[in-house]
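Down below is the structure, laid out as structure tokens.
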Amino acid sequence: MTNMRTTAQAGSSVRVWMACLLLIFPTTVIGPKVTQPEVDTPLGRVRGRQVGVKDTDRMVNVFLGIPFAQAPLGPLRFSAPLPPQPWEGVRDASINPPMCLQDVEKMINSRFGLNEKMKIFPISEDCLTLNIYSPTEITAGDKRPVMVWIHGGFLVVGSSTSQDGSALAAYGDVVVVTVQYRLGIFGFLSTGDKHMPGNRGFLDVVAALRWVQGNIAPFGGDPNCVTIFGNSAGGMIVSSLFLSPMSAGLFHRAISQSGIVTTIMMEDMKPWPEAQNFANSVACGSASPAKLVQCLLQKEGKDLITKKNVNISYIVNDSFFPQRPEKLLADQQFPTVPYLLGVTNHEFGWLLLKSLNILDKLEHLSREDLLEISQPFLAVMEVPPEIMPTVIDEYLDNGSDESATRYAFQELLGDISFIIPTLNFSKYLRDAGCSVFLYEFQHTPSSFAKFKPAWVKADHASENSFVFGGPFLTDESSLLGKNRHLIPRLPGSKMIFGEQMSPVSIRYLWAWSKPHLNLNQICPSYQPSQRPQRKRSS
2 MTNMRTTAQA GSSVRVWMAC LLLIFPTTVI GPKVTQPEVD TPLGRVRGRQ VGVKDTDRMV
62 NVFLGIPFAQ APLGPLRFSA PLPPQPWEGV RDASINPPMC LQDVEKMINS RFGLNEKMKI
122 FPISEDCLTL NIYSPTEITA GDKRPVMVWI HGGFLVVGSS TSQDGSALAA YGDVVVVTVQ
182 YRLGIFGFLS TGDKHMPGNR GFLDVVAALR WVQGNIAPFG GDPNCVTIFG NSAGGMIVSS
242 LFLSPMSAGL FHRAISQSGI VTTIMMEDMK PWPEAQNFAN SVACGSASPA KLVQCLLQKE
302 GKDLITKKNV NISYIVNDSF FPQRPEKLLA DQQFPTVPYL LGVTNHEFGW LLLKSLNILD
362 KLEHLSREDL LEISQPFLAV MEVPPEIMPT VIDEYLDNGS DESATRYAFQ ELLGDISFII
422 PTLNFSKYLR DAGCSVFLYE FQHTPSSFAK FKPAWVKADH ASENSFVFGG PFLTDESSLL
482 GKNRHLIPRL PGSKMIFGEQ MSPVSIRYLW AWSKPHLNLN QICPSYQPSQ RPQRKRSS
């Protein structure tokens with residue numbers, strides 16, 4: 002598979018699950034309703050639906066909208082999630098749940114899928130639910146590995162239904178769980194004290210993982226073999242869970258796709274000024290945190306999501322993050338579980354530029370313009386002002402036309418926001434003895450031509466749909482044909498978590514040489530037994 006490069010430290014126990022990211026699965030199509038599967042959980046009985054998966058006779062049981070916490074309504078709006086209440090009778094888990102409150106228009110414009118089509122469902126504050134996709138072949142006592150997907154979306158948009166886990170469940174022989182968490186001000190606004198501590202979205206995911214530990218076994222999942230994975234903000238949450246003492250023991254492997262908590266895009270904030278600014282915008286301004294929060298609790302939830310330009314980030318010095326993430330990394334305050342991290346080769350190709358409203362600013366961009374708009378980003382990296390022109394010239398590489406300056410800016414932002422943080426994060430893990438892997442996704446989906454400029458390569462989040470089978474989610478045969486060549490030949494149904502894997506399945510396996518990793522080198526096709534140490538010239 003020539004469009005994926007992988008850099009790896011020795012650790013055969015995790016090479017096999019790295020296929021989670023490399024796999025291109027056929028999609029799910031809902032076939033005739035053969036049965037309505039029912040499962041008894043410690044909280045009550047649920048009834049789902051059964052779906053077929055294209056190009057295989059395997060069926061998948063799907064359970065949608067199962068609550069993992071009490072609905073955060075009324076006085077619970079900004080509270081930590083509470084354990085769910087049991088129910089009587091059979092709960093209908095056959096229909097898609099509502100999304101958490103968010104700006105739906107922004108979600109549509111972001112277009113996080115392989116093509117411009119996106120499933121949009123109603124929004125509600127009663128949204129702390131998860132979806133489960135389980136192979137039908139599972140019988141009583143079976144235990145399949147569990148993969149818990151955390152969606153992205155800048156912490157302000159997204160849903161558990163953004164990805165269909167049925168094909169991954171069928172072809173990977175795993176139990177897939179997709180979760181939702183409170184977004185925007187509902188999940189991350191904070192007064193910096195007990196009245197609204199913040200980080201509620203993180204705590205929602207912790208609650209979901211606790212639910213998995215206590216309830217996934219009846220669905221055929223192994224609570225002792227849980228992988229958390231996510232893209233963009235979802236990858237950032239994965240890395241946050243990795244560092245938080247609150248999630249200790251709740252997962253056993255981790256995958257962050259284009260998202261790390263130490264990125265400059267997710268700096269911790271001064272919570273009280275941000276809370277005051279937002280409260281003032283909705284006529285809840287107050288010098289008293291208690292009164293401010295009480296006023297926000299009286300507002301209609303949908304009225305609070307209409308306000309724009311609200312700064313959202315994590316909070317330090319609480320139960321979730323007792324210290325800054327950088328400090329936790331430096332002190333090796335994290336479990337030594339296997340970890341896969343990666344990026345695309347054009348992180349700022351289109352999606353992020355459009356979402357941040359800077360895409361149009363890249364037209365007719367001169368060197369001087371490039372220097373001006375890059376200064377804030379370089380300043381965050383503590384680049385001295387007198388060195389900034391040299392940095393820009395390095396990225397321009399003697400080119401000065403419009404396309405060269407645009408590309409230089411895209412590469413600069415990609416390095417600052419994703420590449421450098423990912424490499425630095427990986428170094429801490431390596432030094433602590435973790436089995437850590439890196440990848441770069443390079444394939445440009447053919448469907449990009451419909452709505453993205455021709456110069457866009459593997460844009461931010463473009464690998465998502467391949468992990469879940471996106472090329473086959475459409476009836477367009479042209480798209481199917483153009484992407485079918487990406488399907489790797491992987492051995493057996495245990496390819497994700499099994500004990501053996503053919504070296505052909507993962508084309509590039511590398512042992513890294515300290516202290517640096519260089520993702521910008523084209524890797525020759527070495528067999529694992531032949532791979533050399535990669536060295537970076539000084």
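FYI, the numbering for the sequence shown is 2 to 539, going by the numbering used here.
Beta carbons: idealized from backbone N, C-alpha and C, even for Gly.
Excluding the 5 residues preceding and the 5 following Ser-240 in the sequence, name in chain order all residues of the same chain whose CB lies nearer than 6 Å to its CB. Around Ser-240, the same chain offers Ser-257, Ile-261, Val-262 as residues with beta carbons nearer than 6 Å, after the five sequence neighbours per side are excluded.
Compare the beta carbon distance of Leu-156 and Gly-199 with 8 Å and say whether it is the shorter of the two. Against a cut-off of 8 Å, the Cβ pair of Gly-199 and Leu-156 comes out as no contact.
Relative to the C-alpha of Pro-323, which residue among Asn-358, Pro-272, Met-247 is closest? Of Asn-358, Pro-272, Met-247, the residue nearest in Cα terms is Met-247.
Between Pro-68 and the rest of its own chain, which residues show a CB-CB distance below 7 Å, the 5 nearest in sequence each way excluded? If the five residues before and after Pro-68 are omitted, its C-beta is found closer than 7 Å to the C-beta atoms of Pro-85, Leu-129, Thr-130, all from its own chain and listed in chain order.
Look at the alpha carbon of Leu-83 and the alpha carbon of Phe-449, and state the distance between them as a whole number of angstroms. Going by the C-alpha atoms only, they are around 42 Å apart.
First and last residue of the alpha helix (DSSP H) that includes Ile-290? Inspection of the sequence shows that residue 290 is occupied by Pro rather than by Ile. First-last of the alpha helix (DSSP H) with Pro-290: 290-299.
With three or more beta-carbon pairs closer than 8 Å as the criterion, would you say the segment 337-347 touches the segment 435-444? Judged by Cβ distances under 8 Å, the segment 337-347 makes contact with the segment 435-444, as three or more pairs qualify.
Helix, strand or coil for Gln-181, going by three-state DSSP, please let me know. Residue state, collapsed to three classes: coil.
Pair within 8 Å by beta-carbon distance, Val-206 and Ile-121: No.
Three-state class that DSSP yields for Glu-106 in the structure shown: Reduced to three states, the DSSP call for Glu-106 is helix.
Exposed or buried, His-365, counting other C-beta atoms within 10 Å across all chains shown (16 or more means buried)? Taking a 10 Å sphere around the C-beta of His-365, we find fewer than 16 other C-beta atoms and assign the residue as exposed.
Quick check: the Cα distance between Asn-465 and Phe-452, rounded to an integer number of angstroms? Spanning the two alpha carbons is a distance of roughly 17 Å.
Taking all protein chains shown into account, do 16 or more other C-beta atoms lie within 10 angstroms of the C-beta of Leu-439, making it buried, or fewer, making it exposed? With 16 or more Cβ atoms within 10 Å of its Cβ, Leu-439 is classed as buried.
Cutoff 7 Å; reference Glu-268; Cβ partners in own chain excluding five residues on either side: Cβ within range, chain order: Ser-314.
Would Ser-320 be called buried (16 or more neighbouring beta carbons within 10 Å of its own) or exposed? It is exposed - the Cβ of Ser-320 has fewer than 16 other Cβ atoms within 10 Å.
Distance between beta carbons of Gly-185 and Ile-306, contact taken as under 8 Å: Contact between Ile-306 and Gly-185 is confirmed by a C-beta separation of about 6 Å, below the 8 Å threshold.
Strand pairing of Asn-62, partner residues [DSSP]: Per DSSP, Gln-51, Ser-135.
If distances are taken between C-alpha atoms only, which option among Leu-353, Asn-132, Gly-222 comes closest to Asp-143? Looking from the CA of Asp-143, the closest CA among Leu-353, Asn-132, Gly-222 belongs to Gly-222.
Between Val-61 and Ser-125, which are expected to be in contact by the criterion C-beta below 8 Å, what is the C-beta distance as a whole number of angstroms? The C-beta distance from Val-61 to Ser-125 rounds to 26 Å, too long to meet the 8 Å contact threshold.
Which whole-angstrom value describes the C-beta separation of Ala-218 and Val-180, a residue pair presumed to lie in contact below a C-beta threshold of 8 Å? That belief does not hold up - the Cβ atoms of Ala-218 and Val-180 are roughly 18 Å apart, past 8 Å.
Contact check, Arg-48 vs Gln-37, beta carbons under 8 Å: Contact flag set, yes.
Look at the Cβ atom of Cys-101, then the Cβ atom of Arg-183, and state whether they are nearer than 8 Å. It is a contact, given that the beta carbons lie within the stated cut-off.
For Trp-88, does the count of other Cβ atoms within 10 angstroms reach 16, so buried, or fall short, so exposed? Trp-88 comes out exposed.
Report the three-state DSSP secondary structure of Trp-273 (helix, strand or coil). DSSP places Trp-273 in helix when its eight states are reduced to three.
Where Asp-432 sits in the DSSP three-state scheme: Asp-432 falls in the helix class under three-state DSSP.
Proximity to Leu-204 [Cα-Cα], best of Met-389, Ile-316, Trp-351: Selection Met-389, Ile-316, Trp-351 evaluated against Leu-204 yields Ile-316 as nearest (Cα-Cα).
Determine contact between the segment 393-408 and the segment 324-344, defined as no fewer than three beta-carbon pairs at a distance below 8 Å. Judged by pairs of C-beta atoms under 8 Å, the segment 393-408 does not touch the segment 324-344, as fewer than three such pairs exist.
Specify the secondary structure class of Arg-92 as computed by DSSP and reduced to three states. Three-state result, Arg-92: strand.
Would you give the residue range spanned by the beta strand (DSSP E) that Thr-42 belongs to? Segment 39-42, the beta strand (DSSP E) holding Thr-42.
Cα-Cα separation, Gln-1 to Leu-44: The chain is shown only over 2 to 539; residue 1 falls outside these bounds and no answer can be derived.
Coarse secondary structure for Trp-212, derived from DSSP in three states: For Trp-212, the three-state secondary structure derived from DSSP is helix.
Whole-angstrom distance between Phe-469 and Gln-164, CA atom to CA atom: So the alpha carbons of these two residues sit roughly 7 Å apart.
Mind checking who Gln-258 pairs with in its DSSP beta bridge? DSSP lists Asn-232, Gly-343 as partners of Gln-258.
Which residue from Met-197, Ala-168, Ile-133 puts its Cα closest to that of Leu-77? The shortest Cα separation from Leu-77 among Met-197, Ala-168, Ile-133 belongs to Met-197.
From Arg-254 to Pro-146, what distance separates their C-alpha atoms? Between Arg-254 and Pro-146, the C-alpha separation is close to 11 Å.
Measuring CB to CB, does Val-177 end up less than 8 Å from Gly-193? Here Val-177 is not near Gly-193, since their CB atoms are 8 Å or more apart.
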